[in-house]
Each structure stands twice: as C-alpha cells, then as structure tokens.
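The numbering used here numbers the first residue of the sequence shown as 305 and each following residue consecutively.
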Amino acid sequence: WNKEPEMEEYGVVLFLTAVHSNDFTKAQQVATKLYQKYKKPQCLQWVIASILLQVRAGASPKALDLAQMMLQKAPVDVAAFSKGKVPFNRGQVYLFFL
C-alpha cells in the first residue's frame, strides 16, 4: 500500500491481513489511515474493533478510553436507528451498544 497509496483496496487487504495475523496494532494503524483518507464509517468501525481486539489480547484497558472517544465521533443517526429506518449489520449494532 506504500507504493500505491491511492489504491483503497490495497489498504483494505493490508488491514484484513493484519487482523488475520493477530497484529491488531498494525490493523488499527491501517484502519486509522484509511479513515483519515476516505472518511468511511466502516473504517472508523475497524479502528474501534482493532482497539477492542488489542485489549482482548492483553493490552491495557486504558485503550478502551480511546475506543469510547472514537465511538463518540462515529456518524450514527440514533433517531433513524431507533425507528428501524437504517439497516445496521450485526457489527454496527454491537459497537452502537458499547
């Protein structure tokens, strides 16, 4: 992804590879870069999920404060969600209720 930084797909593959390799810190870094560049809510969810996986793998629980801050930034229309107008997937619902 360093050689072709404009290729979003390469960033996504790098993120998925990092998660598959249990390198959750690298996954968080890649997801953060993807979110900064493309501003897609999915990438922000990946950042949060990476933080949660790091804590689950033994990182300091203080990282959850960062996850909480990121969740507060997440673009969620709570009113539309409560009315059932927004189709959330299972992962989005889980993050919403954290």
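Think of the CB as a built atom: it goes at the ideal place given N, C-alpha and C, for glycine as much as any other residue.
Runs of the alpha helix (DSSP H) spanning 4 or more residues and lying entirely within the segment 325 to 389 occur at 328 to 342, 345 to 360, 367 to 377, 382 to 386, in chain order.
Of 378, 341, 325, 346, the smallest CA-CA separation from residue 358 is found for 325. Collapsing the DSSP output to three states places residue 310 in coil.
Leaving aside the five residues that flank residue 352 on each side, the residues in its chain whose CB is nearer than 7 Å to its CB run, in chain order, 371, 374, 375, 399.
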